[in-house]
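Residue numbers (the working numbering), protein chains in the order written: chain C, 29 to 307; chain X, 110 to 319.
To keep things clear, I will list the structure first and then write my remarks on it.
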């Protein structure tokens with residue numbers, strides 16, 4: 029067996045080991061490389077930054093254990109950003125697992141808030157909790173919040189929450205911030221909040237789903253899109269709050285470059301072999 | 110059999126009308142109630158799913174079917190977390206189990222794709238012909254655009270990658286969205302007309318259907 033054949037038939041465990049090193053090294057030993065801000069992330073940040081103080085914004089928390097490492101740091105950064113700008117936040121989730129992660133993100137954000145920022149539960153933010161029914165649940169929430177929920181995540185009756193006073197449907201919200209992760213729910217927000225009520229919305233999804241939502245951005249139905257861990261890292265960078273996403277984004281640098289090197293190597297070896305065989 | 114079809118059609122048509130046109134309060138109120146039903150039924154379906162899954166695993170253990178020991182793991186985990194979670198989802202031990210067991214397992218499973226994709230790409234992602242070559246070049250440009258350092262290493266990847274994403278890729282996805290939507294509309298019309306009865310638990314043989 030020639031060296032070309034041996035390399036083409038490389039044990040996949042070697043590839044796994046190389047990928048592990050490429051991903052783990054920058055996390056264990058942080059290396060900060062220059063980073064360019066993507067236009068979609070910039071648009072999402074600018075949109076959020078432009079929300080007027082005192083406005084009420086609805087936030088869908090759709091991150092799970094699998095996607096929280098990608099989107100969680102960005103969600104935390106946006107919560108800090110919004111509360112620091114005196115924007116009131118109403119959270120909800122479309123899954124029982126997502127519900128827990130939304131609460132986790134809120135807790136993490138409250139720990140990172142700068143001194144002097146008001147973040148009282150029920151006054152500056154409220155977590156409505158799990159809304160069942162997928163898109164129908166979103167429609168129900170948008171049309172009449174109390175038709176699907178009577179208490180919030182903590183069991184407090186909505187009618188006794190200061191922030192929910194007069195908040196009955198989608199018309200109470202100035203914007204929608206949709207942290208859909210990989211649940212594929214961004215179109216539900218577009219169809220149930222943006223189209224019928226004209227409320228502007230930004231989204232967050234995993235990196236691989238960004239092309240799925242490009243048509244919504246081009247059509248003006250999404251004001252911006254935060255894609256994966258890089259989007260989270262960019263949000264952290266833009267609000268000048270370095271966090272875990274920046275370190276992970278550096279890992280994607282090394283992982284992505286290794287992928288590129290391996291595919292180039294595979295193709296060079298393939299052409300060498302084909303030439304040798306006279307193909 | 111006509112009554113369930115009529116109920117489905119009336120409910121669906123009222124929902125569609127309310128979405129596009131201002132409707133009387135009576136219709137809006139009726140639709141609010143219907144949507145509440147969906148939320149309640151969805152939540153109940155979760156419980157039903159859990160019960161069915163638990164029965165399946167308990168039976169598997171009882172009958173010592175193949176790999177029954179994994180079902181014991183399910184049953185023990187389910188009983189432990191359910192007892193803790195039913196008390197309160199903010200129970201400290203419940204949250205510890207979730208944060209330190211469920212969460213790392215979920216994250217680990219998702220991150221494994223990075224390893225599989227890289228290994229698979231090394232073996233099969235070849236420029237065997239012109240079409241595969243174009244796909245390879247485009248994937249490189251988009252990858253470099255997406256990794257944070259890509260634009261610094263090779264600045265032209267940003268405009269080219271954005272063009273690829275906004276036009277060829279965007280057009281493809283837009284076509285998919287429109288196609289899916291038209292399919293859903295067609296399915297809706299068939300359901301309202303009583304031609305599609307799967308939602309009622311009726312599976313009709315297509316052979317010989319005119």
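All residues carry an ideal CB built from backbone N, CA and C; glycine is no exception.
**Asked** Comparing the C-beta of residue 117 of chain X with each C-beta of chain C, is any distance below 8 angstroms?
**Response** Judged by the 8 angstroms Cβ criterion, residue 117 of chain X is not in contact with chain C.
**Asked** Going along the chain, which unbroken runs of the alpha helix (DSSP H) with 4 or more residues stay wholly within the stretch 213-290 of chain X?
**Response** The qualifying runs are 239-255, 259-262 and 266-273.
**Request:** Would you mind giving the Cβ-Cβ distance between residue 264 of chain C and residue 105 of chain C, rounded to the nearest angstrom? I have them listed as a contact below 8 angstroms.
**Result:** Right, the Cβ-Cβ distance comes to about 5 angstroms (below 8 angstroms), so this counts as a contact.
**Prompt:** What does residue 43 of chain C touch in chain X if you count any residue whose Cβ is under 7 angstroms from its own?
**Reply:** Those within 7 angstroms of residue 43 of chain C in chain X are 227, 228 and 231.
**Own chain residues within Cβ distance below 8 angstroms of residue 75 of chain C, not counting five before or after** = Same-chain partners within the cutoff: 203, 228, 230, 251 and 252.
**Prompt:** residue 47 of chain C: buried (16+ other C-beta within 10 angstroms of its C-beta) or exposed?
**Reply:** Looking at its Cβ environment, which holds 16 or more other Cβ atoms inside 10 Å, residue 47 of chain C is buried.
**Request:** Measure the Cβ-Cβ separation of residue 157 of chain C and residue 201 of chain C and say whether it is below 8 angstroms.
**Result:** In this structure, residue 201 of chain C does not lie closer than 8 angstroms to residue 157 of chain C by Cβ.
**Buried or exposed (CB count within 10 angstroms, at least 16 for buried), residue 26 of chain C** = For residue 26 of chain C there is no data in the structure shown, the boundaries of chain C being 29 and 307.
**Asked** Apart from the five residues just before and just after residue 319 of chain X, which ones in its own chain have a Cβ nearer than 7 angstroms to its Cβ?
**Response** Confidence in residue 319 of chain X is poor, its pLDDT being 47 and thus under 50, which makes the residue's placement unreliable; the coordinate value appears in the next sentence. Cβ within range, chain order: n/a, list empty.
**Message:** Alpha carbons only, please: which of C/209, C/63, C/81 and C/198 is nearest the one belonging to residue 100 of chain C?
**Reply:** Residue C/209 is the option with its Cα nearest to residue 100 of chain C.
**Message:** Could you check if residue 276 of chain X belongs to the surroundings of the ligand MN, using beta carbon to heavy atom distance under 7 angstroms?
**Reply:** Among the components modelled here there is no ligand, and therefore nothing to report on the ligand MN.
**Request:** Going by CA-CA distance only, name the one from X/258, X/199, X/293 and X/144 that's closest to residue 261 of chain C.
**Result:** The residue among X/258, X/199, X/293 and X/144 with its C-alpha nearest the C-alpha of residue 261 of chain C is X/258.
**Message:** With a threshold of 8 angstroms between beta-carbons, can residue 121 of chain C be considered close to chain X, or not?
**Reply:** At a cut-off of 8 angstroms between beta carbons, residue 121 of chain C makes no contact with chain X.
**Item:** is_contact[residue 200 of chain C, chain X] using C-beta, thresh 8 angstroms
**Value:** Interface annotation, residue 200 of chain C: not in contact with chain X, CB-CB separation never under 8 angstroms.
**Asked** Does DSSP classify residue 231 of chain C as helix, strand or coil?
**Response** Strand, per DSSP.
**Message:** I need the straight-line Cα distance from residue 270 of chain C to residue 31 of chain C, nearest angstrom please.
**Reply:** Rounded to whole angstroms, residue 270 of chain C to residue 31 of chain C spans 45 angstroms at the Cα level.
**Prompt:** Can you name the residues of chain C whose CB is closer than 7 angstroms to the CB of residue 261 of chain X?
**Reply:** Among the residues of chain C, those whose CB is under 7 angstroms from the CB of residue 261 of chain X are 62 and 64, following chain order.
**Prompt:** Taking Cβ-Cβ distances below 9 angstroms as the criterion, which residues of the stretch 241-262 of chain C are in contact with chain X?
**Reply:** If the cut-off is 9 angstroms between Cβ atoms, the stretch 241-262 of chain C has 241, 242, 243, 244, 245, 246, 247, 255, 256, 258, 261 and 262 near chain X.
**Asked** With respect to the alpha helix (DSSP H) encompassing residue 78 of chain C, which residues constitute its N-terminal and C-terminal limits?
**Response** No residue range can be given for residue 78 of chain C, since it is assigned to no alpha helix (DSSP H) and is classified by DSSP as neither H nor E.
**Item:** Same chain, Cβ closer than 6 angstroms to residue 103 of chain C, five either side skipped, listed in chain order
**Value:** 133 and 207.
**Prompt:** Is it buried or exposed for residue 268 of chain C, if we count other Cβ within 10 angstroms and need 16 for buried?
**Reply:** Using a 10 angstroms sphere on the CB of residue 268 of chain C, the tally of other CB atoms stays under 16, which defines it as exposed.
**Message:** Just to confirm my understanding: we take residue 254 of chain X, look at its own chain, exclude 5 residues before and 5 after, and list those with CB closer than 6 angstroms. What are they?
**Reply:** The answer, listed in chain order, is 266, 267 and 270.
**Item:** Endpoints, the alpha helix (DSSP H) within which residue 135 of chain C is located
**Value:** Residues 124-140.
**Request:** Measure from the C-beta of residue 287 of chain C to each C-beta in chain X and report whether the shortest distance is under 8 angstroms.
**Result:** Cβ-Cβ to chain X under 8 angstroms: yes for residue 287 of chain C.
**Request:** Could you please tell me which residues of the stretch 89-100 of chain C, in chain order, have their CB closer than 8 angstroms to any CB of chain X?
**Result:** Listed in sequence order: 92, 93, 94, 95, 96 and 97.
**Request:** Note down the Cα distance separating residue 232 of chain C from residue 110 of chain X, rounded to an integer number of angstroms.
**Result:** Taking the straight line from one Cα to the other gives about 44 angstroms.
**Asked** Can the beta-carbon of residue 308 of chain C be found closer than 8 angstroms to that of residue 273 of chain C?
**Response** The question about residue 308 of chain C has no answer, for chain C in this structure spans 29 to 307.
**Request:** Note down, in chain order, every chain C residue with its Cβ under 9 angstroms from the Cβ of residue 158 of chain X.
**Result:** Chain-order list of chain C residues neighbouring residue 158 of chain X: empty, with the shortest C-beta distance near 11 angstroms, by a criterion of under 9 angstroms.
**Asked** Using a beta-carbon distance below 8 angstroms, is residue 275 of chain X in contact with chain C?
**Response** At least one CB atom of chain C sits nearer than 8 angstroms to the CB of residue 275 of chain X.
**Request:** Report the partner residues of residue 116 of chain C according to the DSSP bridge assignment.
**Result:** DSSP lists C/84 as the bridge partner or partners of residue 116 of chain C.
**Message:** I'd like the list of long-range same chain contacts for residue 221 of chain C, defined as Cβ closer than 8 angstroms, with 5 residues on each side in sequence excluded.
**Reply:** Its chain contains 86, 166, 170, 198, 201, 204, 227 and 229 as the residues whose beta carbon lies nearer than 8 angstroms to that of residue 221 of chain C, once the 5 sequence neighbours on both sides are disregarded; these appear in chain order.
**Asked** What number of angstroms, rounded off, separates the C-alpha of residue 123 of chain X from the C-alpha of residue 301 of chain X?
**Response** Within the model, the alpha-carbon separation for residue 123 of chain X versus residue 301 of chain X is close to 12 angstroms.
**Request:** Return yes when the Cβ of residue 118 of chain C is within less than 8 angstroms of the Cβ of residue 84 of chain C, no when it is not.
**Result:** Yes.
**Request:** Would you mind stating whether residue 207 of chain X and residue 291 of chain C have Cβ atoms separated by less than 8 angstroms?
**Result:** Taking 8 angstroms as the Cβ cut-off, residue 207 of chain X and residue 291 of chain C do not qualify as a contacting pair.
**Asked** Closest to residue 213 of chain C by CA distance: which of C/141, C/116, C/287 and C/88 is it?
**Response** Of all alpha-carbon atoms in C/141, C/116, C/287 and C/88, the one lying nearest the alpha-carbon of residue 213 of chain C is that of C/88.
**Prompt:** What three-state label does DSSP hand residue 164 of chain C in the structure shown?
**Reply:** Of the three classes helix, strand and coil, the one that applies to residue 164 of chain C here is helix, per DSSP.
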